[in-house]
Amino acid sequence: MISDARRVMVFTGAGISTESGIPDFRSPGGVWSKMSPIYFQDFVASRDARRESWRRVFSRAEGWTGAKPNVGHYAIADLVKRGKVSSVVTQNVDNLHQDSG
Numbered sequence: 017m018i019s020d021a022r023r024v025m026v027f028t029g030a031g032i033s034t035e036s037g038i039p040d041f042r043s044p045g046g047v048w049s050k051m052s053p054i055y056f057q058d059f060v061a062s063r064d065a066r067r068e069s070w071r072r073v074f075s076r077a078e079g080w081t082g083a084k085p086n087v088g089h090y091a092i093a094d095l096v097k098r099g100k101v102s103s104v105v106t107q108n109v110d111n112l113h114q115d116s117g
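Note that the sequence shown ends on residue 117 in the numbering used here; no numbers are left out.
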C-alpha cells in the first residue's frame, strides 16, 4: 500500500511513545488515572489552575529525561528518509520523532 502511494502522511499519538516509557493520558495507569485533568475553562478562569497545569507539564517533562525513540519511531524515520512518507503529524511533545532522525 505504501509502496504504491504517491504521498503518505503518518499520524501518531501517545501510543507510539508508551513503549519508550512515556505514559499516555487516557488508558488505565495513564496520567489522568492518577490526577484529574485541568479543563480549559478552569485554566482560563483560575490562576491556581494555570500554575498547577504548568507545574504538571514541567514535572512530567522531567520524567521523560532519558526516554529514547523506539522501533516505531525509527521505522517512520526510515520511511521519511526513503521518501515514502512526506509528513509526520503528532500530538506528542516528547521530541522522540525528531530524535529518531
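Glycine included, each C-beta is placed from N, C-alpha and C at the ideal position.
Residues that DSSP places opposite residue i in a beta bridge
| i | result |
| --- | --- |
| Val-104 | Val-26 |
For residue j and residue i, believed in contact at Cβ under 8 angstroms, the rounded distance
| i | j | result |
| --- | --- | --- |
| Val-24 | Ile-92 | Not quite, the Cβ-Cβ distance comes to about 10 angstroms (not below 8 angstroms), so this is no contact. |
| Ser-61 | Ile-54 | The sequence shown places Ala at residue 61, rather than the Ser named in the question. Ala-61 to Ile-54, Cβ: 11 angstroms. No contact. |
| Ser-69 | Phe-59 | 6 angstroms |
| Lys-100 | Ile-18 | 5 angstroms |
Residue burial classification, residue i (beta-carbon count within 10 angstroms, cutoff 16)
| i | result |
| --- | --- |
| Ser-126 | There is no way to answer for residue 126, as the model of the chain reaches only from 17 to 117. |
| Ser-52 | exposed |
Other residues of its chain near residue i: CB distance less than 6 angstroms, five sequence neighbours each side excluded
| i | result |
| --- | --- |
| Ser-33 | Asn-108, Asp-110 and Leu-112 |
| Pro-39 | Gly-46 and Val-47 |
| Glu-35 | Asn-86 |
Residues near residue i in its chain [Cβ-Cβ closer than 8 angstroms; skip 5 each side]
| i | result |
| --- | --- |
| Trp-48 | Phe-41 and Arg-42 |
Own chain residues within Cβ distance below 7 angstroms of residue i, not counting five before or after
| i | result |
| --- | --- |
| Ala-30 | Asp-40, Phe-41 and Asn-108 |
message: Tell me whether the stretch 80-88 and the stretch 103-112 touch, counting them as touching only if at least three CB pairs, one residue from each stretch, are closer than 8 angstroms.
response: yes
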